[in-house]
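As numbered in my numbering, residues 1 to 991 make up the sequence shown, in order.
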Amino acid sequence: MPTTLTMQDALIRLTEYWTGQGCAIIQPMNTEVGAGTLNPATALRVLGPEPWRVGYVEPSVRPDDSRYGDNPNRLQTHTQYQVILKPEPGDAQERYLGSLEAIGIDLRAHDVRFVEDNWASPALGAWGLGWEVWLDGLEITQFTYFQQSGGMALDPVSVEITYGMERIIMALQGVGHFKDIAYAPGLSYGEAFGQAEYEMSRYYLDDADVEANRGLFAAYETEARRMIEARLPVPAHTYVLKCSQAFNVLDARGAVGTTERASAFARMRSLAHDVARLWAERREELGHPLGDAATRPVPERRADAFPEIGEPSALAFEIGFEELPATETERVAGAVRDSLTELLAGTRLRHGEVRVMSAPRRVVAVVDDVQPREDDVERTVRGPRRSAAYDADGAPTKAALGFVRGQGADVADLREITVNGGEYVGLVRTVAGRPAAEVLAEVLPGVVTALRADRNMRWNAPGLSYSRPIRWIAALLGSHVVPFTVSTLDSGRSTRVHRTADEPVVEVAEAGRFLDTLRAHGIEPDAGVRLRRIAEAAAELAATAGGMPDETVLPEVVNLVEEPVALLGSFDERYLELPAEVLTTVMRKHQRYLPVSAAGRLLPHFVTVANGACDLGVVRAGNEAVLRARFEDAAFFFAADLRTPPEEMTTGLAALTFEERLGSMADRAGRIRSIALTLADRAGLDDDERATLERAARLAKFDLASHMVIELSSLAGTMAGEYARRAGEPEPVAEALVEMELPRSSGDALPVSLPGALLAVADRLDLLAGLFGVGAEPTGSSDPYGLRRAALGLTAILRAHDRLAGIRVDEGLAVAAACQPVEVSPEAVREAERLTARRLEQALLEAGRPVHVVRAVLPHAATPARAARDAADLEGLLESEEFARLTVALQRVLRIVPPDTPASYEPALFEDDAERALATALAGAADKLRGGPLPLPEFANVAEALVEPIDDYFDKVLVMAEEPALRANRLGLLAAVRDLVAGVLDWREIA
């Protein structure tokens with residue numbers, strides 16, 4: 001009988017393994033920490049240039065995760081095993097996988113993957129990029145390349161590996177509750193720690209004295225500051241940790257308001273930054289006794305010789321990474337294609353098609369028919385003027401002789417050339433093309449160094465920065481290696497396949513076989529092929545369960561695997577009692593599963609996709625266990641939420657910070673209510689609709705304080721509707737609470753009911769006015785509050801509801817601005833208007849409207865429904881000959897009238913019948929348009945009566961008459977025409 005690996009055994013084995021990797025084993029922190037990261041062995045030691053390798057067990061205390069020991073997966077104190085490798089060794093992933101084998105995990109049987117999960121701690125001024133590591137769908141480790149700590153950039157970069165020990169052991173032992181873990185022979189985890197878990201949960205959630213902990217926070221903060229002033233960073237850091245724990249206790253007790261939270265975070269952040277700087281200074285004063293491992297520039301190296309090919313050959317060029325984020329895997333193929341194509345175009349090397357494909361660990365470019373050499377080229381070198389090159393006898397002068405000598409040529413080689421009409425002498429030189437390999441050795445490094453992502457990191461490769469570390473480069477021209485070096489990487493003929501393969505590093509014989517070699521080893525580099533395989537396999541598997549797969553996450557899953565292996569999993573039907581949206585959100589967002597449904601009904605099955613060959617039974621069981629734990633969490637949250645009525649739940653919004661200057665979520669919900677009720681007067685609600693709006697507005701955003709939405713934020717609105725119905729609220733109220741969160745993204749469903757639409761509009765107006773008011777507008781690719789999405793949603797809702805036509809964007813923003821707790825400047829409101837107009841412009845363009853049509857209707861951006869209607873009408877009118885004549889006539893008016901010309905004229909000054917005819921036609925058109933804006937086709941019908949009078953006016957009347965009074969009168973008449981049509985379209989765009 002195999003003995004069970006106890007948690008104690010696993011901790012001992014990890015300690016032995018990392019000792020063998022050169023790590024010192026140190027002790028956990030002697031005060032509460034929320035994570036092993038906060039132990040000074042990490043938080044301080046990653047600072048500065050000294051090398052550092054440690055491993056340690058860290059009990060991590062998180063009061064907010066207190067569950068009295070009832071939840072099978074959540075503990076207020078859980079066990080982390082922490083490893084720091086500084087500087088990062090270049091093979092940290094492989095070392096980590098070795099540690100999993102050390103605790104008995106069969107890497108070939110299990111599906112172990114690195115899935116993007118970036119880490120940041122604003123309170124510490126720390127961040128890094130990396131992954132969560134999945135074992136059959138279970139997150140077991142956080143793996144991070146630290147980039148900054150204490151507000152200081154880190155050099156060298158450290159690798160942090162943080163194991164979640166309870167999760168790992170529960171998976172290995174196959175138990176469903178942390179209490180059932182075999183901690184040591186004859187001792188369960190529950191027996192060892194169950195009482196402490198319950199009692200500390202009681203303390204954190206029920207019995208902690210709020211005023212006492214406030215006093216502790218203040219005392220610890222004072223002592224931390226005193227230690228900083230005494231230049232003692234270690235005790236100062238200890239008291240910062242004590243501050244953090246006191247704050248976390250207060251937070252778990254629900255005793256931290258919005259202002260207090262913001263203030264406490266700012267104070268702790270300031271202390272952490274000061275401690276970090278002080279530690280770095282003290283280590284420098286001590287002379288960095290452990291050494292200096294900071295990165296150093298790498299001298300440039302160039303190959304001494306380049307291979308030559310005798311016939312056109314293929315180029316295979318692979319850049320190998322540690323696992324890229326799914327979005328970057330998709331993007332990098334296009335980036336490399338563009339970069340390589342552009343750089344090759346700057347040479348004289350002829351070639352065929354450039355094909356680029358990508359997978360999580362690689363981007364591969366294949367270029368067909370690369371010619372053996374660049375083309376030769378003739379280049380003319382200009383010398384002195386012809387008159388200065390020869391004397392009167394035609395003999396070369398000193399100028400000519402000096403020129404040819406300097407060029408290493410002979411006088412006989414001189415040619416007469418003409419440059420810009422001037423006559424010169426010069427030389428025509430043939431520049432021989434370089435061998436293809438030499439050209440490529442200059443081009444390909446530029447492709448590597450040009451790689452950039454939305455978020456970039458550094459590692460132990462000076463000069464390189466990208467989304468994840470670049471670990472290898474393969475470059476083959478025919479059967480030859482294209483030799484070059486980028487930073488610390490040399491090109492070669494080796495590629496890397498699955499880490500669990502018998503030979504994880506494979507040599508490729510020649511470029512034409514590169515893709516076949518990858519495929520022979522289980523790597524499919526083409527995302528399109530992977531997509532088809534997954535879709536077909538998922539459909540087949542779902543069909544065996546009588547359903548169809550939901551492919552929402554398929555575009556992401558394609559870029560999480562290099563060899564897709566789909567399998568069907570199941571879960572207990574009792575979980576179907578939970579709202580379907582909860583189950584599908586858990587499956588899609590957390591696990592990247594494809595839920596299975598039939599006839600609109602969710603089935604107790606899912607499809608997951610492993611990466612490469614594995615034991616399907618083991619992987620299926622692991623994923624099912626993970627999903628079971630996720631659903632247990634959801635069931636726990638759901639049951640807890642149902643015990644709190646919606647009205648009571650709204651009180652919890654006061655503890656949720658929206659934005660420091662704009663208050664709590666309770667404050668924001670109150671503003672949404674005020675805005676919606678103010679705008680309701682412009683929408684013509686009947687009594688039932690107003691009653692619905694008033695009740696839904698009172699409950700606005702209440703579900704943000706629910707356990708479920710705190711855990712699964714994308715369910716905001718969905719859970720509001722669910723909880724409202726179960727609490728007995730009328731269906732229209734529940735519906736409005738759901739709809740106020742719509743649309744969540746471009747193309748999403750829009751609110752149907754008028755109360756829901758008004759709440760959704762008010763929500764977005766508040767977001768835009770408030771955040772523009774405090775200067776938090778989007779910049780570049782940064783839009784943390786989703787203001788672009790909010791503006792797009794606002795225009796979509798206003799376009800969809802005719803009864804909201806009375807609500808203008810500018811007026812709505814003004815109403816929202818007046819509700820803010822800060823003064824919102826007129827310029828901030830205008831900036832929010834401009835953003836909204838740009839998003840409307842984008843939406844109309846994406847709907848297929850021509851650019852000039854969209855720009856012509858943008859004067860109506862404040863009324864998106866009218867702008868959209870006019871764009872559709874204008875596109876049709878532009879096909880009309882009559883409308884074309886109207887636009888030509890109006891352009892003549894608009895071109896000649898200065899912008900500041902007043903629209904006034906005196907009929908007594910008319911001298912020509914053409915003037916009187918235009919004035920009469922203008923008066924008739926104005927009378928027909930007096931009732932308000934008409935649909936564009938109707939306006940065109942009225943305005944076309946002006947065409948002939950305008951044409952006659954320009955043909956028969958000298959507008960710019962010499963006499964000032966006549967000239968002003970004639971321009972004034974045209975200005976009246978201008979003003980009549982000015983608010984209809986931007987006529988300049990359709991000239």
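By construction, the Cβ of each residue, glycine as well, lies at the ideal position given by its N, Cα and C atoms.
These numbers were taken from a predicted model, which means no experiment stands behind them.
For residue i, the residue or residues it bridges with in DSSP
i    : result
N611 : P564
E960 : Residue identity differs from the one stated: residue 960 is Met in this sequence, not Glu. For M960, which the question treats as bridged, DSSP gives no partner whatsoever.
Q891 : None, per the DSSP bridge assignment.
V54  : A24 and I84
D490 : T485
Q148 : W127 and A153
E659 : G663
L792 : Paired residue(s): none; L792 is not in a bridge.
E507 : S494
T162 : Q82 and Q142
Y466 : M457
T77  : V61
F606 : G569 and P595
Rounded Cβ spacing between residue i and residue j (contact assumed at less than 8 Å)
i    : j    : result
G69  : S188 : So it is not a contact: roughly 12 Å between Cβ atoms.
R620 : V586 : Not really, about 18 Å apart at Cβ, beyond 8 Å.
Q21  : R95  : 6 Å
V336 : V447 : 6 Å
D377 : L349 : First, the residue type needs correcting, since residue 377 is Val and not Asp in the sequence shown. Rounded, the Cβ-Cβ distance is 12 Å, inconsistent with contact.
G137 : Q842 : G137 to Q842, Cβ: 37 Å. No contact.
L594 : A580 : No, L594 and A580 are not in contact; Cβ-Cβ is about 15 Å, not under 8 Å.
T920 : P864 : Not a contact, Cβ separation roughly 37 Å.
A441 : F484 : 4 Å
Three-state secondary structure (DSSP) of residue i
i    : result
S781 : coil
G320 : strand
S674 : helix
L14  : helix
P937 : helix
A557 : In the sequence on display, residue 557 carries Val and not Ala. DSSP places V557 in helix when its eight states are reduced to three.
D979 : helix
Y239 : helix
A365 : strand
L477 : strand
N623 : helix
T4   : coil
A805 : coil
V370 : strand
Y723 : helix
V33  : strand
- prompt: What are the start and end residues of each continuous alpha helix (DSSP H) run of 4 or more residues lying completely inside the segment 186-234, in chain order?
  reply: 189-202 and 210-229
task: Identify every run of the beta strand (DSSP E) within the segment 97-134, keeping only runs that are complete inside it and at least 3 residues long; order them along the chain.
output: 112-116 and 119-121
- request: Assess, as a yes-or-no matter, whether the segment 565-573 is touched by the segment 609-622 under the definition of 3 or more beta carbon pairs within less than 8 Å.
  value: yes
task: Enumerate, from N- to C-terminal direction, the unbroken alpha helix (DSSP H) stretches of 4 or more residues contained entirely within the segment 378-434.
output: 386-389 and 398-406
- prompt: Does the segment 909-925 come close enough to the segment 942-949 to have 3 or more Cβ pairs within less than 8 Å?
  reply: yes
field: Meets three-Cβ-pair contact criterion under 8 Å: the segment 152-166 and the segment 76-96
entry: yes
- request: Report yes or no: do the segment 139-153 and the segment 162-178 share at least 3 C-beta pairs separated by less than 8 Å?
  value: Between the segment 139-153 and the segment 162-178, the count of Cβ pairs shorter than 8 Å is three or higher; the stretches touch.
query: Going along the chain, which unbroken runs of the alpha helix (DSSP H) with 4 or more residues stay wholly within the segment 833-908?
result: The DSSP assignment places complete alpha helix (DSSP H) segments of no fewer than 4 residues inside the segment 833-908 at 851-857, 864-877 and 881-896, in order along the chain.
- request: Taking 8 Å as the threshold, find out whether the segment 363-381 comes into contact with the segment 336-345 through three or more Cβ pairs.
  value: The segment 363-381, when compared against the segment 336-345, does touch it at the 8 Å Cβ threshold.
- prompt: Does the segment 119-129 come within contact of the segment 420-436, defined as at least 3 CB pairs closer than 8 Å?
  reply: The segment 119-129 makes no contact with the segment 420-436; the number of CB pairs closer than 8 Å stays below 3.
query: With a cut-off of 8 Å, do at least 3 Cβ pairs link the segment 237-245 to the segment 263-282?
result: yes
- prompt: Counting Cβ pairs closer than 8 Å, one from the segment 408-415 and one from the segment 451-462, do we hit at least three?
  reply: no
- prompt: What are the uninterrupted segments assigned as alpha helix (DSSP H) that are 4 or more residues long and contained completely in the segment 521-603, given in chain order?
  reply: Those alpha helix (DSSP H) runs which fall completely within the segment 521-603 and span 4+ residues are 527-544, 554-557 and 580-585.
task: Tell me, please, whether the segment 737-750 touches the segment 712-728 by the rule of three or more beta-carbon pairs shorter than 8 Å.
output: Taking a cut-off of 8 Å for Cβ pairs, the segment 737-750 and the segment 712-728 touch, as three or more such pairs fall below it.
- prompt: Is the number of C-beta pairs between the segment 882-896 and the segment 808-827 that are closer than 8 Å three or more?
  reply: no
- prompt: In chain order, which beta strand (DSSP E) runs of at least 3 residues are fully inside the segment 270-357?
  reply: 313-321
Sufficient close CB pairs (3 or more, under 8 Å) joining the segment 177-197 to the segment 300-309: no
task: Please confirm if the segment 244-260 is in contact with the segment 207-226, defined as three or more CB-CB distances below 8 Å between the two stretches.
output: Because the criterion of three Cβ pairs below 8 Å is met, the segment 244-260 and the segment 207-226 touch.
- prompt: Hey, is the segment 827-838 in contact with the segment 967-983, meaning 3+ C-beta pairs nearer than 8 Å?
  reply: With the cut-off at 8 Å, the segment 827-838 and the segment 967-983 do not touch.
- prompt: Is the segment 974-986 close to the segment 885-904, with three or more CB pairs under 8 Å?
  reply: Between the segment 974-986 and the segment 885-904 there are three or more inter-stretch CB-CB distances shorter than 8 Å, so the stretches are counted as touching.
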